[in-house]
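**Q** Chains as they are written, first to last, in numbering that gives the first Met the number 0: chain A, 0 to 929; chain C, 0 to 247; chain F, 0 to 292. Questions regarding the structure given below will be posed in turn.
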Amino acid sequence: MNAPVLNTSPVVSDQIRKTTCYMCACRCGINVHLKSGPDGKDRVTYIEGNRDHPINKGVLCAKGASGIMQVTAPSRLQHPLKRVGPRGSGAFEEISWDEALALAVSWMKPLRETAPEKLAFFTGRDQSQSFTGWWAQAFGTPNYAAHGGFCSVNMAAGGIYTIGGAFWEFGAPDWDRTKLFVMFGVAEDHDSNPIKIGLGKLKGRGARVIGVNPIRTGYNAIADDWYGITPGTDGLLILSLIHCLLVAGKVDLDYLARWTNASLLVNETEGPEKGLILKNAESQPFVIDRRTGMPAPWDGKGVQPDLGATYQGHRTVFQHMAEHYLSPDYAPEAVEARCGIPATRIHALAAELADVAFDQAIEIATPWTDFRGDHHDTMPGRPVSFHAMRGISAHSNGFQTARALHLLQIVLGTVETPGGFRFKPPYPKPVEAHPTPHFVTAPGKPLSGPHLGYVRGPEQLALKEDGSPARIDKAFTWENPFSAHGLMHMLIPNAHAGDPYRIDTLFLYMANMAWNSSMNTAGVMEMLTDQVDGDYVIPHIIYSDAYASEMVAYADLILPDTTYLERHDCISLLDRPISEPEAAGDSIRWPVTEPDRNVRGFQSVLLDLGHRLGLAPMVGLDGSPKFKDYADYIQNHIRRPGVGPLIGFRGADGDQTGRGDANPDQIAAYIENGGFFQAHVPEDALFYKPWNMAYQDWAVKTSFYESPQPYLFNIWSEPMRKFQLAAEGHGYLQPPDHLRAQLKLAMDPLPVWYPPFGEDFARAFPVHALTQRPMDMYHSWGSQNAWLRQIRGRNFLYVPTKIWQEHGFEEGDYALVTSPTAEITVPVAHMAALNENTVWTWNAIGKRKAAWALDDGVAEANEGFLLNHLISELLPQREDGHRYSNSDPVTGQAAWFDLRVRIAKAAPMTHTEPDLPPIPRVVPQGRDRA
Amino acid sequence: MTQLPTHTDKKLGLVIDLDTCVGCQACVTACKGWNDQGAGQVGGLSDQNPYGVDPSGAFLNRVHSYQVQPDEGAAQIINFPRSCLHCEDAPCVTVCPTGASYKRVEDGIVLVNEDACIGCGLCAWACPYGARELDMAAGVMKKCTLCVDRIYNENLPEEDREPACVRTCPTGARHFGDFADPDSNVSKLVAERGGYDLMPDLKTKPTNKYLAPRKKDIPQEASLLAPLLDIQATGFAGWLDKILGKIG
Amino acid sequence: MNPAPSVILFTVLSGIGFGLLAFLGAGFPVPAGWTAFFHWGLGYALAVGGLAAATFHLGNPKLALKAFSQWRTSWLSREAWASVATLALLAPVALSDWLGLGWPRVTGYLGAAGCVVTVFTTSMIYAQLKTVPRWNNWTVPVMFLAFEGTGGAILSGNQWPTLAGCLALAFGIIAHLQKGMLAFFYAGQTIGTATGLDRIGTATVFEQPHTSPNYLMREMIYVVGRKHALLLRPVALLCAVILPWMVLFLLPLHPVTYGVVAIIHLTGALASRWLFFAEAEHVVGLYYGQRQL
Ligand SMILES: Nc1nc2c(c(=O)[nH]1)N[C@H]1C(S)=C(S)[C@@H](COP(=O)(O)OP(=O)(O)OC[C@H]3O[C@@H](n4cnc5c(=O)[nH]c(N)nc54)[C@H](O)[C@@H]3O)O[C@H]1N2
Ligand SMILES: Nc1nc2c(c(=O)[nH]1)N[C@H]1C(S)=C(S)[C@@H](COP(=O)(O)OP(=O)(O)OC[C@H]3O[C@@H](n4cnc5c(=O)[nH]c(N)nc54)[C@H](O)[C@@H]3O)O[C@H]1N2
Ligand code: SF4
Ligand code: SF4
Ligand code: SF4
Ligand code: SF4
Ligand code: SF4
Ligand SMILES: [Mo]
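Below you can see the structure in the form of structure tokens.
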């Protein structure tokens, strides 16, 4: 037999350039292979994962591995565009960059000189928030935020207010040691590959994985045990687990006493101080030392805080907490019906948690010293870990539910212990170490500080003298005091309603607000195009996108961005870094290939704009631009003395880490190093970080804070209690009366559960409707990818067996789905592994006709659909006559998953409703692959 | 040449762990990306109507998703990657009229010699597993090559000499190795976890093996928690004394 | 399986063509002069035309000659050889009949046998496929050969062979239907065995691996409308078997009659062959949860 001779060693490429993926926000390291084509130009031929990279260790997801279809997509914008026809339906005209920037300046400059707040600058899944925020601060508008408000701020804020750090991508389970891993409401998360790698490790060891999720796909499909919970009731389930643990005395008392405020005393005196943490003469919180029975400083050496102490009638947080959760209201039997989980299974889960945490405890033989100066010979660990994401946070009770989950971790003593949940630097970081919101504007002046921050009490709310909101999105108001990420989902509705005031220019970056990132999508399109006597209600819209998305059609001025392989980017520790629990990390993107179009990196454009507007930090002494481009900024911007966007290779000769002068060769050094940098946490600082002096000192050295910041976990949240007090009538700052009840309920200092606001419509709209992230698509971008759209070119509404049979659905049927505010007609499919009162679909598969350079007839635009049409940014009017925003009352997090619907069989159909007309094409329709 | 070798020195193939696969599709596009370059064994993988109605291209690896209802307990979702199993008795090879399809003696990899393929499609008909797809632009048959152009590739660093799909799989659900060697990682996995064949009755003797999902929904043997004491009787004070009494 | 016109024409036309050539080769009848030219010409035209049609099913026909190389294992390759050899063997007889050269007929007898062999190899291309249980049995060669015989007999104007052929064909078609209907079931392959998930429970498709059709689905997962089948089956039997039988039994045996019968039979053959493909299910359909009712 003469088999052909094969070349088993083909040359893969001419060269490899290492940069950072941006098919999603996970930011994996990639090796981009290039070959020089016949024209001598380098072509990207292949993309694979970078094995040395801390995030993905060589692996890539489906999106990352098809990045080549993204950088060659026909949907890439070609040049700056100016709207000529009517907004949303009219044509565009190609203009030069100079014209584009001049036009933008002509709109923005007058605003800066008269009323900076009339510019609203909001960014989407922006990875340069520390930069865009800095720009907005220099401009002087209070109206800046990124997408976090509609994304998962409950997860971030709930964590930071409770344990000084969060899930999301800011912490991770100890994958190598955990024996039991429980996921609440996770489909994918930003940590896409790290979570998959971690799950792989657990599976490799045969460790146990539990999924709590109404839907059993993806991560939950491989879970050993599945709790198909009723949406919005996780808080109740979690508090019931805490109840069981308390009843059985299975809580880590030592951990609670040492590392949490369980041992602090709660002021019981009636009046404005009631419920606040009891302070001493030096207005310092204190504990009762078990050795002496006397008050002692909470951080005193050798002090053994007494959880059971009562001091002058003031009891410890521990007692308040225990008494509260021991209440029979939290017994499994009392919650099973609501949660849709049998009491026996709740008992079983509690037992399992206790068993692993206490009877299978582990220990690392590393000595360490805590902030009290007490020495420990080992690091004991409780190998139970948790992760949660938007399944918890995207509900109107999400903040409190996130707190509840952290409380569960705390009573089990797992946070920052081996086998438990671990922070990623720059976390842990207590609330006190975060800024408070800045919002006071003055014509021609910058803002006095960063826009976003962590409110400690009513006095930090972003309110004007007259008590009206200072921000267009009404962030940091009585409606949602802790809106640490702003409320991007309220931006357009408020701007359109002129409530709290009118704005002039809407400046958006990387957010598809006319489609998948808005609630009430059809309504938003009307708001964007609405006119009063010939003028648009929102006078100017400037938008930067890289592709022909749905949003570009609604812009007056389009600033075309580069793709992720064509520009500099900086994934900074000032922002959302790529740290892992063992190491702080940051990284860059750099132009591994040159754009073949008249496009510019948005950050460089922003710097240019800043210079043209004369924003001080962007103008050099001689009036010339301070920064040539974004790369220049990345290397030379100094945020605090010695601290810049990147921590690696600092100082004139690039040998300093964390702190040091700017280094002109820093980016070169990063490229040399594979596009990223890591500063490793010392051995004796790897666990117990919030209290471990070795870590605290390292963190100061590495520039995360200016002085050590040890702190206690906040089981009892004083900031929240302050708002309750205000609602009860104490203090000079008072909420409007219609919000008092809501504040009393939602701002409870102990984690509580209340029904999500959607419950109000439970009778008329009995079915929960959810979306999930497909692992192979990134929101709206994926459909322009020739490979990904073959895999997932249409979506169905998945219907559980009960409802499927009830309505006699059959394959190919369409259903009429009605919410309190809208209705859609969509194709259905049957799914058994699903909570019996829940329907769902994949997020953002539906597309607008003619968007993304696709043919008008594609499935995405005809059979695909969004649930967003059904979700309203405002809840229907309540008894009190007010319409509340569809958000968490604590943080303003968009409550996407509170959605309730009614479902009925529709007449046979071949396309979904609403069936919107095509949008104008800003690029020619794609034909063949490049 | 389409006679099958009576013996192959190695039996290279994949083990796919259905207990670990989350259905992320990474192996699908990684495979497409590697083989679309046209640099190696596969001369590219074309796509028809990439931006139009019914886009359709050649892929060498597909990931299905099934719903399984056990006799008792909740329904499950199982993700199921499907690519060439490099069968020992490969019917796709023997039916081939041109000899384009063949099984390597060295390692048992089943390949298509695109230069000899007339695109008659008979091999695809003969394959029970849908592992072969005709490239509509080239008119020749495409199939998984087990990355024969990676696993021996001296231009790749040692650690990268494994299939693209295996290298990219984020959960490590795909394992590559030599089934002829009882001590190989794949042989061990198959022994430990009871790796199985697809449609064994068809006597194709697949080399690739699948690992069944572990038994699900059986809560661990943690005896239910015994209450500390009868709170109703003692009240909260009693509970507090009891629990705090426990601190040494 | 996808009932592609190319494969239907290939099998039907070459079948009838080789059938006619078989009769001519064997000397029933022995035409002379232009009649011979017409008869032999028709035989060759159908056989070669059929083979030509087959090449339309090739993705890369320019290499078609390579198809001769694998006769050791490949029925398709054997078919290539058999058909060419047969056509070659018959050529001298055809010439001698036409031009009245009176050459010996031995190659004719051999060629006739070759015609049978050729159609047998054709049928084996399908009958060999374990992946298509409906085909994977003896009824396929029987049916194919019966078609060859009947078609050949009609075109060569042989009454009794035609009547006999029709009976054989009726048997062949019914046997194939009877065996075929439950073949997939008896083959025992299910979505459970295809995935091995029968270990855990009953498996159904949750999501397809791709939302738009691919080569596999177009080529091997063809779902016939039930109505289609119910309509076509009687048509096939009626035209291919019953009408020819009745007509040749009742009407006077005039060449025109044979012409009419041939056309009716051809219609039946095409209908029957369409069903042969369209109703055949490939096990790969299991992965896509696509089974015909
Ligand atoms: N029903 C429902 N709706 C949801 C959610 C849900 O769960 N359910 N999730 C919400 C959440 S959490 C989020 S974060 C939002 C996400 O929604 P969006 O933030 O809108 O996300 P995308 O659509 O991915 O991206 C927005 C735009 O960024 C553009 N873009 C991509 N790359 C670049 C680039 O390099 N430069 C520039 N300038 N632009 C680029 C894309 O073309 C796209 O138009 O969706 C929200 N909407
Ligand atoms: N591939 C891919 N990755 C992405 C994205 C993407 O678009 N594609 N988007 C990125 C972005 S912007 C974000 S914000 C993250 C989001 O990361 P995730 O939060 O993991 O993504 P979602 O799809 O919103 O997942 C919500 C999950 O919660 C479940 N769920 C809903 N309601 C409840 C509930 O009440 N209780 C419980 N227990 N579960 C519930 C849903 O079934 C779903 O599984 O993903 C990021 N990563
Ligand atoms: S998860 Fe995938 S898309 Fe996201 S950065 Fe990593 S490789 Fe790229
Ligand atoms: S990459 Fe791995 S986890 Fe993802 S689908 Fe393929 S096998 Fe499954
Ligand atoms: S899986 Fe199919 S293509 Fe691969 S060797 Fe087996 S029969 Fe041939
Ligand atoms: S398609 Fe190519 S490889 Fe397959 S049988 Fe035909 S010639 Fe052989
Ligand atoms: S081994 Fe190579 S060719 Fe085969 S599926 Fe994996 S990546 Fe594709
Ligand atoms: Mo998000």
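All C-beta atoms in this analysis are idealised placements derived from N, C-alpha and C, irrespective of residue type, glycine included.
With a threshold of 7 Å on Cβ separation, who are the neighbours of A:Phe933 within its own chain once the five nearest residues in sequence on each side are excluded?
**A** This structure cannot settle anything about residue 933 of chain A, because the visible part of chain A is limited to 0 through 929.
**Q** Taking the Cβ atom as the reference point for each residue, do A:Asp125 and A:Met509 lie within a distance shorter than 7 Å?
**A** If you number the first sequence from 1, residue 125 of chain A lands on position 126. If you number the first sequence from 1, residue 509 of chain A lands on position 510. Against a cut-off of 7 Å, the Cβ pair of A:Met509 and A:Asp125 comes out as a contact.
**Q** On a Cα-Cα basis, can you pick out the residue from F:Arg77, F:Leu88, F:Leu89 and F:Leu98 that is closest to C:Val94?
**A** Within the second sequence, numbered from 1, the residue matching residue 94 of chain C stands at position 95. Looking at the Cα atoms, F:Arg77 is the closest of the given residues.
**Q** Give a single yes or no on whether C:Cys26 has its beta carbon closer than 6 Å to a heavy atom of ligand 8.
**A** For this step, residue 26 of chain C is matched to residue 27 along the second sequence. No, the Cβ of C:Cys26 stays beyond 6 Å of every heavy atom of ligand 8.
**Q** Rounded to the nearest angstrom, what separates A:Gly238 and A:His313 at their Cα positions?
**A** Your numbering for residue 238 of chain A matches position 239 in the first sequence. Your numbering for residue 313 of chain A matches position 314 in the first sequence. Before going further, note that residue 238 of chain A is Leu rather than Gly in the sequence given. When rounded, the distance between both Cα atoms is 24 Å.
**Q** Answer with buried or exposed for A:Pro141, where buried requires no fewer than 16 other C-beta atoms within 10 angstroms of its C-beta.
**A** What you label residue 141 of chain A is simply residue 142 of the first sequence in a count that begins at 1. Per the 10 Å Cβ criterion, buried.
**Q** With respect to the alpha helix (DSSP H) encompassing A:Arg566, which residues constitute its N-terminal and C-terminal limits?
**A** Along the first sequence, read from residue 1 onward, the residue named residue 566 of chain A stands at position 567. No alpha helix (DSSP H) contains A:Arg566, which DSSP labels as neither H nor E.
**Q** Quick check: the Cα distance between A:Val31 and A:Cys25, rounded to an integer number of angstroms?
**A** Residue 31 of chain A sits at position 32 when you count from the first residue of the first sequence. Residue 25 of chain A sits at position 26 when you count from the first residue of the first sequence. Cα-Cα distance, rounded: 17 Å.
**Q** Could you list which residues in chain A have their beta carbon closer than 8 Å to that of F:Thr210, in chain order?
**A** Position 211 of the third sequence holds residue 210 of chain F. Near F:Thr210 (Cβ distances below 8 Å), the residues of chain A are Gln789, Ile790, Arg791, Gly792, Arg793 and Ala858.
**Q** Between which two residues does the beta strand (DSSP E) harbouring C:Leu267 extend?
**A** As displayed, chain C neither begins before 0 nor continues past 247, which places residue 267 of chain C out of reach and without an answer.
**Q** Can you tell me whether A:Thr416 is buried or exposed, with buried defined as 16 or more other CB within 10 angstroms of its CB?
**A** One-based indexing of the first sequence puts residue 416 of chain A at position 417. So A:Thr416 counts as buried.
**Q** Between the stretch 679-686 of chain A and the stretch 332-347 of chain A, do three or more beta carbon pairs fall short of 8 Å?
**A** The stretch 679-686 of chain A vs the stretch 332-347 of chain A: no contact.
**Q** Using 8 Å as the threshold, is the stretch 59-77 of chain A in touch with the stretch 775-782 of chain A, meaning 3 or more CB pairs across them?
**A** Flag = yes, the stretch 59-77 of chain A and the stretch 775-782 of chain A touch.
**Q** For the beta strand (DSSP E) holding A:Trp225, just list the boundary residues, first then last.
**A** By one-based count along the first sequence, residue 225 of chain A stands at place 226. Run containing A:Trp225: Asp224 to Tyr226, per the beta strand (DSSP E) assignment.
**Q** Quick one: does C:Val67 have its CB under 7 Å from some CB of chain F?
**A** Indexing the second sequence from 1 puts residue 67 of chain C at position 68. Yes, contact with chain F.
**Q** Does the beta carbon of C:Tyr209 sit closer than 7 Å to a beta carbon anywhere in chain F?
**A** Taking the first residue of the second sequence as position 1, residue 209 of chain C is located at position 210. So yes, C:Tyr209 belongs to the interface.
**Q** Between the alpha carbons of A:Thr343 and A:Pro331, how many angstroms are there, rounded?
**A** Within the first sequence, numbered from 1, the residue matching residue 343 of chain A stands at position 344. Within the first sequence, numbered from 1, the residue matching residue 331 of chain A stands at position 332. For A:Thr343 and A:Pro331, the distance between alpha carbons rounds to 8 Å.
**Q** Against chain C, does A:Ile221 count as a neighbour if the rule is that its beta carbon must be under 7 Å from one of theirs?
**A** Position 222 of the first sequence, counted from the start, is the residue given in the question as residue 221 of chain A. For A:Ile221, the answer is yes, since a Cβ of chain C falls inside 7 Å of its Cβ.
**Q** At what residue ranges does the stretch 359-386 of chain A contain a whole run of the beta strand (DSSP E), taking only runs of 3 or more?
**A** Qualifying beta strand (DSSP E) stretches, in chain order: 361-363 and 378-380.
**Q** Mind checking whether F:Leu252 and F:Gln158 have CB atoms under 7 Å apart?
**A** Start at 1 with the first residue of the third sequence, and residue 252 of chain F comes out as number 253. Start at 1 with the first residue of the third sequence, and residue 158 of chain F comes out as number 159. In contact: F:Leu252 and F:Gln158 (Cβ atoms closer than 7 Å).
**Q** With a threshold of 6 Å on Cβ separation, who are the neighbours of A:Asp519 within its own chain once the five nearest residues in sequence on each side are excluded?
**A** The sequence position of residue 519 of chain A within the first sequence is 520, counting from 1. In the sequence as presented, Asp is not what sits at residue 519 of chain A; that position holds Asn. So the list reads Ser871 and Glu872, once near-sequence residues are dropped.
**Q** Closer than 6 Å to a non-hydrogen atom of ligand 8 - does that hold for the CB of A:Cys23?
**A** As a first step, residue 23 of chain A must be located in the first sequence, where it is residue number 24. No; taking the cut-off as 6 Å, the Cβ of A:Cys23 has no heavy atom of ligand 8 nearer than that.
**Q** According to DSSP, is A:Thr931 part of a helix, a strand, or is it coil?
**A** The first residue shown for chain A is 0 and the last is 929, placing residue 931 of chain A beyond what the model contains.
**Q** Run through DSSP, which three-state label would C:Arg280 get?
**A** Limits of chain C in this structure are 0 at one end and 247 at the other, which puts residue 280 of chain C out of reach.
**Q** What do you reckon, are the CB atoms on F:Asn59 and C:Val139 nearer than 7 Å?
**A** Within the third sequence, residue 59 of chain F is the residue found at index 60, counting from 1. Within the second sequence, residue 139 of chain C is the residue found at index 140, counting from 1. It is a contact, given that the beta carbons lie within the stated cut-off.
**Q** Give me the residue from A:Leu742, A:Arg762 and A:Ser467 with the minimum Cα distance to A:Thr890.
**A** Here residue 890 of chain A corresponds to residue number 891 of the first sequence, with the count starting at 1. Considering only alpha carbons, the answer is A:Leu742.
**Q** Residues in the same chain with beta-carbon distance under 8 Å from A:Val430, minus the five sequence neighbours each way, listed in chain order, please.
**A** Your numbering for residue 430 of chain A matches position 431 in the first sequence. Here the set comprises Ile159, Tyr160, Gly163, Tyr453, Arg455, Asn713 and Pro718.
**Q** Mind checking whether A:Trp589 and A:Thr18 have CB atoms under 7 Å apart?
**A** Your numbering for residue 589 of chain A matches position 590 in the first sequence. Your numbering for residue 18 of chain A matches position 19 in the first sequence. Yes, the Cβ-Cβ distance between A:Trp589 and A:Thr18 is below 7 Å.
**Q** What do you reckon, is the C-beta of A:Pro230 under 6 Å from a heavy atom of ligand 2?
**A** Position 231 of the first sequence, counted from the start, is the residue given in the question as residue 230 of chain A. At least one heavy atom of ligand 2 is nearer than 6 Å to the Cβ of A:Pro230, so yes.
**Q** Report all residues from its chain with a CB closer than 8 Å to the CB of A:Pro913; omit the five preceding and five following residues, and keep chain order.
**A** Within the first sequence, numbered from 1, the residue matching residue 913 of chain A stands at position 914. Same-chain partners within the cutoff: Ala521, Ile823 and His868.
**Q** Is there at least one Cβ from chain C nearer than 7 Å to A:Lys195's Cβ?
**A** Residue mapping note: residue 195 of chain A aligns to position 196 of the first sequence, counting from 1. Output row for A:Lys195: interface = yes.
**Q** Leaving out the 5 sequence neighbours to the left and right, which residues in its chain are closer than 7 Å to F:Thr161 when beta-carbon positions are compared?
**A** Here residue 161 of chain F is taken as the residue at index 162 of the third sequence, counted from 1. Same-chain partners within the cutoff: Thr149, Ala152, Ile153, Pro243 and Leu247.
**Q** Decide if A:Tyr731 is buried, meaning its Cβ has at least 16 other Cβ atoms within 10 Å, or exposed.
**A** To locate residue 731 of chain A, count along the first sequence from 1; it is residue 732. That one is exposed.
**Q** Strictly under 7 Å for the Cβ-Cβ distance: is C:Ala25 near chain A by that measure?
**A** As a first step, residue 25 of chain C must be located in the second sequence, where it is residue number 26. So yes, C:Ala25 belongs to the interface.
**Q** Excluding the 5 residues preceding and the 5 following A:Arg290 in the sequence, name in chain order all residues of the same chain whose CB lies nearer than 7 Å to its CB.
**A** Position 291 of the first sequence, counted from the first residue, corresponds to residue 290 of chain A. Closer than 7 Å at the Cβ level, and outside the excluded window around A:Arg290, lie Gln303.
**Q** In three-state terms, what does DSSP make of A:Pro799?
**A** As a position in the first sequence, residue 799 of chain A is number 800, starting the count at 1. Strand at A:Pro799.
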